[in-house]
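Asks: Provided herewith is a single structure, encoded as structure tokens, for subsequent inquiry.
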Amino acid sequence: MDSGSIVYYMYKDVLHQTEIVDILTNPETSRTSNVPPYKPKANEVYLFQTGADDWKCDQYLWINNGTKSVTIGNDVLKKHFYKIRLPGTTDNTNGRKRPVGSLQFKKTAYSFKSNKSLILVHYEGDETVKIEHDIKSGDKTAMDVYRENISNGSVSGEHQEVLNARNVKQVENLVRKVNEEERLSKDDIYNLLLLAYHMDGFIHEVTVFPDLSSIIALPEMISIVNQLLDVNTEYDIPFVFFYDTTFKLGDFFVSPLVFRNIIFEDRPIMPVAFLIHGRKKEKTHARFLNS
């Protein structure tokens, strides 16, 4: 999942009570999440081991649709029902504005009274009817996003608990989401390592910590350079290397090492190796030039 949360499993039908009890009493820890999902889809089931109400911050607008408690043995199974919020408001009998909701997309949360930190959440219906809670950066800064989620005055008091980030933990969740969107994914790093193994001699080094960097060079070009260093030219044409760092390309800088090939008449500039790095640090360049 992009959100970092793990889908416990997909379930199109209504979860039966026996299944709910079985999951909550015998949870698979490897499939348990500790961060809320980001805009989950219908039929997805999540199991959260988290504090307070962090699991609610899934970036949808919800309306509390009631609760129900069922006694099972010596414990109590609590069920919390929510329906998706739609645009606009409606007037109730006393003239107060009320938000409009729909059961076309809904979620139900289950937990035992004896273990409130373990919550099972099932999303049902059609998520395309959702009204997106805009936390994307766009033209806004990250601070604008966090501030809006903390102090959205348009949300009525009874819905503050579901719709707004209420504490430091939920702000951390928002920060984590932004960071996850900006950073290189685990799959990209893994693919780079696979490429290094499969293209022997092309990727010479991959460093992940404290800064991601990679040294890339064709063995054939290195061999040519070594040969040219031993060449005595008739006119003593200097054999020159050039090294510079480009502007930032995506998340990284590219620093090429090139040379003037004195074998050819027009003395073309040709690349030898490249350093791909996230930050301009002297020790990273030194390691590259000494490798």
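According to my numbering, the residues represented by the sequence shown are 264 to 554, in order. All C-beta atoms, glycine included, are put in the ideal place defined by N, C-alpha and C. This one's a predicted model, so the numbers in the text were calculated from it and none came from an experiment.
Ends of the alpha helix (DSSP H) at P482?
Replies: Looking up residue 482 in the sequence shown gives position 219. From DSSP, the alpha helix (DSSP H) with P482 extends over P482 to L491.
Asks: Keeping to the same chain, check which residues put their C-beta closer than 7 Å to that of L458; ignore five residues upstream and five downstream.
Replies: Looking up residue 458 in the sequence shown gives position 195. Around L458: I466.
Asks: Going by the DSSP bridge assignment, what does L340 pair with across the sheet?
Replies: To locate residue 340, count along the sequence shown from 1; it is residue 77. In DSSP, L340 forms a bridge with V333 and F375.
Asks: What do you reckon, are the CB atoms on Q312 and S296 nearer than 9 Å?
Replies: Numbered from 1 along the sequence shown, position 49 holds the residue referred to as residue 312. Numbered from 1 along the sequence shown, position 33 holds the residue referred to as residue 296. Yes, they are a contact pair.
Asks: Buried or exposed, going by whether 16 or more other CB atoms sit within 10 Å of the CB of T547?
Replies: As a first step, residue 547 is located in the sequence shown; it is residue number 284 there, counting from the start. By the neighbour-count rule (16 or more Cβ atoms within 10 Å), T547 is buried.
Asks: Give me the residue from N306, L310 and T371 with the minimum Cα distance to I326.
Replies: As a position in the sequence shown, residue 326 is number 63, starting the count at 1. Measuring from the Cα of I326, the nearest candidate turns out to be T371.
Asks: What is the rounded straight-line gap between the Cα of V339 and the Cα of Y309?
Replies: Walking along the sequence shown from the start, residue 339 turns up at place 76. Walking along the sequence shown from the start, residue 309 turns up at place 46. Whole-angstrom Cα-Cα distance: 20 Å.
Asks: Quick one: Cα of D276 to Cα of K376, how far?
Replies: In the sequence shown, counting from the first residue as 1, residue 276 sits at position 13. In the sequence shown, counting from the first residue as 1, residue 376 sits at position 113. Their backbone Cα atoms lie some 25 Å apart in a straight line.
Asks: Please work out which residues of its chain come closer than 7 Å, Cβ to Cβ, to Y506, disregarding the five sequence neighbours upstream and downstream, and give them in chain order.
Replies: If you number the sequence shown from 1, residue 506 lands on position 243. Excluding positions up to five away in sequence, the list reads S518 and L520.
Asks: Grab the span of the beta strand (DSSP E) containing V308 for me, first residue to last.
Replies: Within the sequence shown, numbered from 1, the residue matching residue 308 stands at position 45. Element bounds for V308: E307 to Q312.
Asks: Less than 9 Å between the C-beta atoms of L381 and P362, yes or no?
Replies: For the purposes of this step, residue 381 is taken as residue 118 along the sequence shown, with counting starting at 1. For the purposes of this step, residue 362 is taken as residue 99 along the sequence shown, with counting starting at 1. No, Cβ-Cβ distance for L381 and P362 is not below 9 Å.
Asks: Using only the alpha-carbon positions, how far apart do L278 and E390 sit?
Replies: The residue given as residue 278 occupies position 15 in the sequence shown. The residue given as residue 390 occupies position 127 in the sequence shown. Between L278 and E390, the C-alpha separation is close to 18 Å.
Asks: Between which two residues does the beta strand (DSSP E) holding H540 run?
Replies: Translated into positions along the sequence shown, residue 540 becomes position 277. Where H540 is concerned, the enclosing beta strand (DSSP E) stretches over I532 to H540.
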